[in-house]
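Undergrad:
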Amino acid sequence: MLNSTLRKLGRVLLAAGVCGSVALPAHADWDKIHQSGTLKVAVYEQFAPFSDRNAGIDVELAQALSAKLGLKLKLLPFPAGENLGDDLRNMVWKGHYLGYGPADVLLHVPVEPQLMNDNGKVSIFAPYHVETVRLVRSARTMPQFDGIESLAGKTIGVEKVSIAGMVLLGEGNGRFRDKVRIFETAGEALTALKAGELDAVLANRSEIEATFRDDPAFPLNEVAFQRLPRAGWAVGMAVRKEDQDVARMLQQAVNELRASGELQAIFARHGVHEQMP
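For what it's worth, this note's numbering labels the leading residue of the sequence shown as 153, then goes sequentially.
Structure below.
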């Protein structure tokens, strides 16, 4: 299945030059959340290693946040919409017209100035990870990597309509297109690499690390593309604009999870190295 979150983030980055409703319940504030005894956290469906079938990094983070705040967790997994604005509307400040949501907080929101400017009804804050695109290669078929020129003549897998796919297919006016294989998901591409069907895969670092877990047979490399920020992009969380007390409580909880090492441990359990914002 198409990774809609990455597709939408790609649009945000590239646009920046780097890569009939019904009435819904009143907005919650911290007092109402505290009185309810439950924190409602929205996470993306089918988004491994962060959230998939009620498991993953973001699911464990939601559990840790609710525990820090002394609340029970109500997880709201949802399918990504056509764009990030849809997700913020449906899961943060309004709710879906079918009656699903809103949540108290949405996880895995890009902390991007353009996204913030375009969505004035939410606050985006508390970055807890920096995602980057990396190349993972077969040490057998690609024993050396000396930059983008090493990709010439190699079969590279990418996810359909992902940031990795966009930058690789567009690099050098499409010079690598003939050797690019497109998969529905990054997971499928990584499985094909394991099976010896590809020379390398370009994907999000977290997806690669969760699959290979530092296997020396599949080393990671940074690749410089003209339209891709080398520093990556931070992801955090979003609440309604007026819920600043909720944002402060969640920010404090994230700070404490990081200071105690619990946040890093959550990532490590899924084979991912947390990248500090």
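Note that CB positions come from ideal geometry on N, CA and C, so glycine has one too.
According to DSSP, is residue 364 part of a helix, a strand, or is it coil?
TA: The residue given as residue 364 occupies position 212 in the sequence shown. Helix, per DSSP.
Undergrad: With a Cβ-Cβ cutoff of 8 angstroms, do residue 243 and residue 228 count as a contact?
TA: If you number the sequence shown from 1, residue 243 lands on position 91. If you number the sequence shown from 1, residue 228 lands on position 76. Yes, these two residues count as a Cβ contact at 8 angstroms.
Undergrad: Thinking residue 401 and residue 182 are a contact (beta carbons under 8 angstroms), I'd like their distance in whole angstroms, please.
TA: Here residue 401 corresponds to residue number 249 of the sequence shown, with the count starting at 1. Here residue 182 corresponds to residue number 30 of the sequence shown, with the count starting at 1. Residue 401 to residue 182, Cβ: 6 angstroms. Contact.
Undergrad: Going along the chain, which unbroken runs of the beta strand (DSSP E) with 3 or more residues stay wholly within the region 208-290?
TA: The qualifying runs are 224-230, 257-262, 274-283, 285-289.
Undergrad: Suppose the cutoff is 7 angstroms on Cβ atoms and the five residues either side in sequence are ignored; what does the same chain contact list for residue 317 look like?
TA: The sequence position of residue 317 within the sequence shown is 165, counting from 1. Result list for residue 317: 310, 311, 334, in chain order.
Undergrad: Output the distance between the C-alpha atoms of residue 191 and residue 260, rounded to the nearest integer angstrom.
TA: Working through the sequence shown from its first residue, we reach residue 191 at position 39. Working through the sequence shown from its first residue, we reach residue 260 at position 108. C-alpha separation (whole angstroms): 16 angstroms.
Undergrad: Using the beta-carbon count (16 or more within 10 Å), is residue 210 buried or exposed?
TA: Mapped onto the sequence shown, residue 210 falls at position 58. Looking at its Cβ environment, which holds 16 or more other Cβ atoms inside 10 Å, residue 210 is buried.
Undergrad: Leaving out the 5 sequence neighbours to the left and right, which residues in its chain are closer than 8 angstroms to residue 204 when beta-carbon positions are compared?
TA: Translated into positions along the sequence shown, residue 204 becomes position 52. Cβ within range, chain order: 197, 198.
Undergrad: Leaving out the 5 sequence neighbours to the left and right, which residues in its chain are closer than 6 angstroms to residue 422 when beta-carbon positions are compared?
TA: Taking the sequence shown and counting its residues from 1, one reaches residue 422 at position 270. Cβ neighbours of residue 422 beyond the five flanking positions: 201, 209, 362.
Undergrad: From what residue to what residue does the beta strand (DSSP E) around residue 389 run?
TA: For this step, residue 389 is matched to residue 237 along the sequence shown. Here the beta strand (DSSP E) through residue 389 covers 385-392.
Undergrad: Flag this pair as yes or no: are the beta carbons of residue 332 and residue 288 separated by less than 8 angstroms?
TA: Here residue 332 refers to the residue found at position 180 when the sequence shown is read from its first residue. Here residue 288 refers to the residue found at position 136 when the sequence shown is read from its first residue. No, the pair does not count as a contact, with Cβ atoms beyond the cut-off.
Undergrad: Excluding sequence positions up to five away, which residues of its chain have a Cβ less than 6 angstroms from the Cβ of residue 357?
TA: The residue labelled residue 357 in the question sits at position 205 within the sequence shown. Hits under 6 angstroms: 284, 286.
Undergrad: Distance check for residue 369 and residue 328, CA to CA, integer angstroms please.
TA: Working through the sequence shown from its first residue, we reach residue 328 at position 176. Working through the sequence shown from its first residue, we reach residue 369 at position 217. Their Cα atoms are separated by approximately 24 angstroms.
Undergrad: When the distance is taken between beta carbons, is residue 398 closer than 8 angstroms to residue 270?
TA: The residue given as residue 270 occupies position 118 in the sequence shown. The residue given as residue 398 occupies position 246 in the sequence shown. No; because the gap between Cβ atoms is not below 8 angstroms, this pair is not in contact.
Undergrad: May I have the straight-line CA-CA distance separating residue 282 from residue 186, to the nearest angstrom?
TA: Residue mapping note: residue 282 aligns to position 130 of the sequence shown, counting from 1. Residue mapping note: residue 186 aligns to position 34 of the sequence shown, counting from 1. Cα to Cα, residue 282 sits roughly 30 angstroms from residue 186.
Undergrad: Figure out for me which residue from 380, 206, 225 has the closest Cα to the Cα of residue 315.
TA: Numbered from its first residue, the sequence shown carries residue 315 at position 163. Looking at the Cα atoms, 380 is the closest of the given residues.
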